[in-house]
Amino acid sequence: MQADYSGKGRYGVRVNPARAYPSPKKPVNKATERQPRRRHRGGRYRLAELENRDRWMVSYADFITLLLALFVVMYAISHINEGKHRILTGSLVSAFGAKLDHQNILSLTPDEPALQEQVAAKKARRAAEAQRQRRERMEVVAHDIMAAFAPLGPLIENGQVRVIHSDRGLSVEINASVLFATGQAVLQEDSSKVLEAVAQVLKDGDQMIRVEGHTDDIPIVTEKFPSNWELSAVRASSVVRLLIDNGVAGARLIAAGYGEYRPVNSNDTEEGRMRNRRVTITILSSSPDSEPGASPGTSDKFHMPPDALPEVLKGHAA
278 MQADYSGKGR YGVRVNPARA YPSPKKPVNK ATERQPRRRH RGGRYRLAEL ENRDRWMVSY
338 ADFITLLLAL FVVMYAISHI NEGKHRILTG SLVSAFGAKL DHQNILSLTP DEPALQEQVA
398 AKKARRAAEA QRQRRERMEV VAHDIMAAFA PLGPLIENGQ VRVIHSDRGL SVEINASVLF
458 ATGQAVLQED SSKVLEAVAQ VLKDGDQMIR VEGHTDDIPI VTEKFPSNWE LSAVRASSVV
518 RLLIDNGVAG ARLIAAGYGE YRPVNSNDTE EGRMRNRRVT ITILSSSPDS EPGASPGTSD
578 KFHMPPDALP EVLKGHAA
C-alpha cells in the first residue's frame with residue numbers, strides 16, 4: 278500500500294503528520310525530570326518529591342556527631358589532673374598570703390609530702406613569731422608590775438610576792454598575808470595601794486585576767502565563811518572589785534576560788550601552809566575557753582629573770 282503524504286488520512290480526513298507518525302521517544306532522566314503537579318484537597322498544588330527522601334539523615338548525623346564531641350569535652354574537663362590543680366591552688370594561696378586551716382579550700386593529702394612540709398614549716402614560723410611577740414609583751418608587763426610592787430621589796434626578797442611565766446601566761450602570786458588579815462577577805466590599806474598601781478599597768482591591755490583565791494587545808498568555820506571555798510572566792514572577788522574600780526574592764530576579769538584543793542606546797546609545815554594561802558593574778562596568753570583551770574603553780578613555769586626586774590629589785594626574782 279502506498280503511503281499518502283497529502284495530509285489526509287483515510288476517508289479523506291486531514292490529520293497531523295506528527296501525530297500520525299510520532300517520532301521515537303527519547304530516554305527520560307527521572308532524577309531531573311519535572312514531576313507532574315498533583316491536586317490537593319484544598320485546591321493547592323505541590324511537586325511530588327519522589328527522590329532524595331533520606332536527605333534528613335545527613336543533618337541528623339551531623340547533630341549526633343557534634344553532641345558526641347560536646348560530651349567528650351565535658352568529660353575531659355571534669356577529669357583534669359587533680360594533683361596539678363592542688364599544687365596550683367597552693368601556689369596561689371601562698372602568693373596572696375591566705376591562711377591555711379581545716380576550713381581552707383586546699384585540702385592536703387598524703388601523696389603531696391613536699392607541699393605538706395612547706396605548709397607545716399610556714400605554720401611553725403608563724404606560731405614561733407606570735408609566741409615571741411607575746412613573750413616580749415609579757416616581759417614588759419612583768420617589768421611594770423614589779424615596778425608597782427617596789428614598795429614591797431622585802432616581801433619579794435622573802436618570796437611572798439612572785440612573778441611567774443607559765444604556759445597560761447604571766448602570773449603574779451601574792452601571799453594572802455600581804456593582802457588580808459587572818460580569816461578575812463577585806464584588803465588591807467597598804468596592799469590596796471599596790472594593787473591600784475598594778476591596775477594602772479593592766480587597764481590598757483586587752484588580755485583576759487584571771488584572779489584565783491587559795492587557802493591551806495586548815496578548816497575555817499565562821500558565820501561569814503562556812504568553809505575555805507567561801508573564803509578563797511570572796512578574796513578573789515575583792516581583788517577583782519579593786520581592779521574594776523581602778524579602770525580595768527570587768528569583761529576582762531575572771532574570779533575563782535579553789536579553797537585548799539590547789540596547793541603548791543605541802544600543808545604539813547607552817548612554811549608550806551603559808552605558801553598555799555595566796556592570791557594569784559594571771560594575765561592569760563590565750564582564750565580562757567582553752568584554760569584547763571589548773572593553778573599556775575602546777576604547770577611548767579620559770580621565774581622572771583633578774584634582768585627583767587627594775588633596778589631596785591634586781592637579783593631578787595622569786
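Quick note: the sequence shown uses my numbering, first residue 278, plus one each step.
We treat Cβ as the ideally placed atom computed from N, Cα and C, and that holds for glycine.
Kindly list the residues whose CB is nearer than 8 Å to the CB of residue i, restricted to its own chain and excluding five residues on each side of it in sequence; keep chain order.
i	result
Val463	Phe457, Ser515
Ser469	Leu519
Val349	none
Ser504	Pro496, Ile497, Val498, Gly536
Leu561	Arg445, Gly446, Gln484, Met485, Ile486, Arg487, Glu568
Glu473	Leu519, Asn523
Quick check on the burial criterion: 16 or more other C-beta atoms within 10 angstroms. Buried or exposed for residue i?
i	result
Glu434	exposed
Ile382	The predicted position of Ile382 is uncertain, since its pLDDT is 47 and thus under 50; a value taken from the coordinates is nonetheless stated next. Result: exposed.
Ser355	exposed
Met485	buried
Val438	buried
Ile341	exposed
Arg554	buried
Val440	buried
Met351	exposed
Arg529	buried
Gly319	With a pLDDT of 48 at Gly319, under the threshold of 50, the predicted position of this residue should be treated as unreliable, and no value is reported.
Can you tell me the Cβ-Cβ gap for residue i and residue j, rounded? I've got them flagged as a contact below 8 Å.
i	j	result
Ala532	Val556	Ala532 to Val556, Cβ: 10 Å. No contact.
Thr559	Arg487	5 Å
Ala476	Gly524	6 Å
Asp494	Glu450	Not confirmed; about 18 Å, so no contact.
Gly527	Ala513	The Cβ separation is near 14 Å, so there is no contact.
Ala419	Leu447	6 Å
Pro428	Val471	6 Å
What residue from the options has the CA that sits closest to residue i's CA?
i	options	result
Ala453	Ile521, Leu343, Val417, Met551	Met551
Gly460	Thr342, Gly482, Phe502, Met334	Phe502
Leu597	Lys400, Gly367, Val498	Limits of the chain in this structure are 278 at one end and 595 at the other, which puts residue 597 out of reach.
Arg445	Arg412, Val417, Ala427, Gly430	Arg412
Met415	Arg402, His442, Gly430	His442
Just to confirm my understanding: we take residue i, look at its own chain, exclude 5 residues before and 5 after, and list those with CB closer than 6 Å. What are they?
i	result
Asp339	none
Asp421	Val478
Lys480	Gly524, Val525
Val335	none
Ile521	Gly527
Ala404	none
Val511	Ala462
If you drop the 5 nearest sequence neighbours on each side, which residues of the same chain put their C-beta closer than 7 Å to that of residue i?
i	result
Ser509	Gly490, His491, Thr492, Gly534, Tyr535, Gly536
Asn544	Asp493, Asp494, Arg550, Asn553
Phe426	Ile433, Val438, Val471
Trp506	Gly534, Gly536
Is residue i near the ligand NAP, going by C-beta to nearest heavy atom under 7 Å?
i	result
Asp481	The ligand NAP is absent from the structure shown, which contains no ligands of any kind.
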